[in-house]
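First comes the structure, then the notes that go with it.
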């Protein structure tokens, strides 16, 4: 029977990378001086699993490399080796090497043999063995080839059955080795029936194996599992034929080394993971839902066949449809949940990152992570990694001061970076908080003026000043380091987050630190939408962006410079955006008091969108404009409504930008033009 | 056909064992650690247990020890998946009541041959 092992590779890689992450975070904990046996055990298990899997699936280079790591970890686990900084550092390095090896194998590229060899030497150096042959390469010992035959004496201990072994099975197997087997049973020690316990074995056997190409090792192999549960003698037939007393056999029997397969097997799999591991309960839930759906469907189909369709059946039909709606929604939610993964997948790289960067910058940093089990869409999760790394690097580089500066300003010399994730009103919020110096307003303003990003400084609120760091081409680092400060950072961060339908903003208090807040939608595929009518068109506003909708009171409208209008809402002045102007549509009315204003917010800015009518709220499936047509400013996508018409979905942040550009054509951007 | 319980914390090993055994016509139930396996073994009778040794929550040896104490599993073959380097694990496993072992790494054919031996 031949089975293609390649089908298990994807799973193997996935769990191996997970294992490496577990090892890494475990090792980092060890480094902080917390020597916890359970932790070492966990690290050991991960290494052990990778070794076992790689051996089984034919990646011998990985198996050999992991073997040494495992040996070292085994010594630590048994308390034979002290957990020193050198050991932890070496193991951390090995994790990197191993990760590179696995990546190379998965992508079908060449393994960096030098780094592997170098790391192997380091580990062996610690283990105290130099240039020893790989320990996995033990060869089975070959002993004398078959003589004419063998005499096997087999006297099991009386408890042999209690480990699930069976003398019949052993004899049958022995029989299969040779052409002829003569079996003599010895029942002498069998107690009388009245005293016989059926679970005990009192017999012994003597087997003459004649002919057949059988070696002594083959015979020992048959009895390998019961080695310590029987007395076994094996003699060549040519020799003495008498039954001689029991003989303990030596322990050099080893399993034959399985045939090694080539390690450089090429697999052409995309590097981005194309599979997803789903908890079985989520799948069960799904199957359950589908079952419900089928029941509802069969119930509804009865109405289609019914001859006498009357008022009573209409009532039942309505009930059925309501049920269908409920099930569809639940099914949709269950399917969405399959794509949800805990954010710890994105967080787990940070302990290592912070560890490495603190030594680069000579800063002392404590990283606190909370809400790691918060779940979000897998696609969002994969794409949020890089922006997060950038923000954490940024906090570490620019935010946290050097230990001396911290002590001078009366703070603890250890800086704290807090990474947290939580749900807030249908969104996922991720915060990166540091207790560093905070953003320097003057420096930002100076830089912004120098780069021509702002012309006038008066009137800009603190938030607006801080927001400048997200503008393209902005960087305030005194020295451009290799970590951050290339000025291509924050704008890319904001753009990436926007592409995910999210937003990022920063709050900062001088001397106390900064907080970067990222808001992300739970999923990219479905949106709670508010349908609005403008002329004959229907547009969709994301419900999460809407603050309120109101009827216009003319006395609250103020015209400002040019043709800009603002609406006074309580103590705020909010710019009015006439959507029909931006999209060039013939509206029902251009009089503000005949329509409605929808106040929306994005990235801390508010606008009031003027629409003809509010049409209703519903969940809409987002279809990408970019893949089907092209990217259009101010729109995040399109959807198909219940009646088959297409409606465009408005990207609020994009719309605000569009509006600002429109206004800028008339008058330059004015501070305070947008209420914060 | 014989019912087999395959216990391993590594999903790829579990998949491989399970796929191989199912392909040979056995009924296979999977468990990710000793505790889960113990619960499953108590709710359904298996003809053979194959278990990894190093697992979180409950390791394979503790699992074998606990299961062997169950009246229903007094004589059921229980095999450990183990590596060559773990010689003392074999002894510990035997002491806990394991029938025998399959040495890792192994390929599907080796697995099936071994299983045919114990299941007859």
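Chains as they are written, first to last, in the working numbering: chain A, 650 to 1325; chain B, 30 to 149. We put the CB at the ideal spot given by N, CA and C, even for glycine.
Looking only at its own chain, which residues have a Cβ that is under 7 Å from the Cβ of residue i, when we skip the five neighbours before and after it?
| i | result |
| --- | --- |
| residue 1251(A) | 1152, 1194, 1301, 1302, 1305 |
| residue 720(A) | 776 |
| residue 851(A) | 807, 838, 839, 840 |
| residue 1057(A) | none |
| residue 717(A) | 769, 772, 773, 776 |
Would you say residue i faces chain A, with C-beta separation under 8 Å as the test?
| i | result |
| --- | --- |
| residue 69(B) | no |
| residue 117(B) | no |
| residue 101(B) | no |
| residue 64(B) | no |
| residue 126(B) | yes |
| residue 35(B) | no |
| residue 133(B) | yes |
| residue 47(B) | no |
Near residue i, which residues of its chain fall below 6 Å by C-beta distance, leaving aside the five closest residues on each side in sequence?
| i | result |
| --- | --- |
| residue 1205(A) | 1216, 1217 |
| residue 1224(A) | 1215, 1256 |
| residue 623(A) | For chain A, the structure presents residues 650 to 1325; residue 623(A) sits outside this window and is missing. |
| residue 1121(A) | 1140 |
| residue 740(A) | 676 |
| residue 46(B) | 35 |
| residue 1156(A) | 1164 |
| residue 76(B) | 31, 32 |
| residue 750(A) | 711, 760 |
Give me the DSSP bridge partner(s) of residue i.
| i | result |
| --- | --- |
| residue 768(A) | DSSP, once it has assigned bridges, lists no residue as partnering residue 768(A). |
| residue 703(A) | The partner list for residue 703(A) (beta bridge, DSSP) is empty, contrary to what the question assumes. |
| residue 634(A) | The structure shown does not extend to residue 634(A), since chain A is modelled only from 650 to 1325, so the question has no answer here. |
| residue 45(B) | DSSP lists no partner for residue 45(B). |
| residue 718(A) | Looking at the DSSP assignment, residue 718(A) forms no beta bridge with any residue, so it has no partner. |
| residue 1178(A) | 1191(A), 1267(A) |
| residue 1254(A) | 1251(A) |
| residue 1272(A) | 1287(A) |
| residue 1165(A) | 1081(A), 1155(A) |
| residue 1019(A) | 1069(A) |
| residue 835(A) | 853(A) |
| residue 1222(A) | 1217(A) |
| residue 132(B) | 111(B) |
| residue 1200(A) | 1245(A) |
Verify the CB distance criterion: does residue i have a CB-CB separation below 8 Å to chain B?
| i | result |
| --- | --- |
| residue 994(A) | no |
| residue 705(A) | yes |
| residue 698(A) | yes |
| residue 1360(A) | Nothing can be reported for residue 1360(A), as the shown portion of chain A is limited to 650 through 1325. |
| residue 902(A) | Per-residue confidence for residue 902(A) stands at a pLDDT of 39, beneath the threshold of 50, marking its modelled position as unreliable; no derived number is given. |
| residue 761(A) | no |
| residue 660(A) | yes |
| residue 777(A) | no |
| residue 702(A) | yes |
| residue 877(A) | yes |
| residue 728(A) | no |
| residue 896(A) | With a pLDDT of 42 at residue 896(A), under the threshold of 50, the modelled position of this residue cannot be trusted, and the question is left open. |
| residue 714(A) | no |
| residue 694(A) | yes |
| residue 849(A) | no |
| residue 818(A) | yes |
Just checking my contact of residue i with residue j at CB under 8 Å: how many whole Å lie between their CB atoms?
| i | j | result |
| --- | --- | --- |
| residue 112(B) | residue 133(B) | 5 Å |
| residue 1275(A) | residue 1307(A) | Rounded, the Cβ-Cβ distance is 17 Å, inconsistent with contact. |
| residue 1048(A) | residue 1083(A) | 4 Å |
| residue 1229(A) | residue 1299(A) | At roughly 13 Å, the Cβ-Cβ gap does not stay under 8 Å, so residue 1229(A) and residue 1299(A) are not in contact. |
| residue 56(B) | residue 32(B) | 4 Å |
| residue 1146(A) | residue 1167(A) | 6 Å |
| residue 1071(A) | residue 1034(A) | Not a contact, Cβ separation roughly 18 Å. |
| residue 69(B) | residue 60(B) | 5 Å |
| residue 58(B) | residue 137(B) | In fact, because the Cβ distance is near 18 Å, the residues do not count as touching under 8 Å. |
For residue i and chain D, any beta-carbon pair shorter than 8 Å?
| i | result |
| --- | --- |
| residue 810(A) | In the structure shown, chain D cannot be found, because the protein chains are A and B. |
Starting from the C-beta of residue i, find all residues in its chain whose C-beta is less than 8 Å away, skip the five residues before and the five after it, and write them out in chain order.
| i | result |
| --- | --- |
| residue 67(B) | 87, 92, 95, 96 |
Any 3 or more C-beta pairs closer than 8 Å across the stretch 863 to 876 of chain A and the stretch 804 to 820 of chain A
The stretch 863 to 876 of chain A vs the stretch 804 to 820 of chain A: in contact.
Determine contact between the stretch 1283 to 1294 of chain A and the stretch 1233 to 1242 of chain A, defined as no fewer than three beta-carbon pairs at a distance below 8 Å.
Not touching, per the Cβ criterion.
Counting pairs of Cβ atoms below 8 Å between the stretch 697 to 712 of chain A and the stretch 40 to 52 of chain B, do you hit three or more?
Touching, yes, given that three or more Cβ pairs across the two stretches are closer than 8 Å.
Counting pairs of Cβ atoms below 8 Å between the stretch 756 to 763 of chain A and the stretch 668 to 676 of chain A, do you hit three or more?
No, the stretch 756 to 763 of chain A does not touch the stretch 668 to 676 of chain A.
Are there three or more Cβ pairs, one per stretch, closer than 8 Å when the stretch 1162 to 1181 of chain A is compared with the stretch 1265 to 1272 of chain A?
Segment contact: the stretch 1162 to 1181 of chain A against the stretch 1265 to 1272 of chain A, three or more CB-CB distances shorter than 8 Å; contact assigned.
Check whether the stretch 934 to 941 of chain A and the stretch 976 to 992 of chain A touch, using three or more Cβ-Cβ pairs below 8 Å as the test.
The stretch 934 to 941 of chain A, when compared against the stretch 976 to 992 of chain A, does touch it at the 8 Å Cβ threshold.
Measuring CB atoms only, is the stretch 1029 to 1044 of chain A touching the stretch 1099 to 1113 of chain A, in the sense that at least three cross pairs come out at less than 8 Å?
No: fewer than three Cβ pairs fall under 8 Å.
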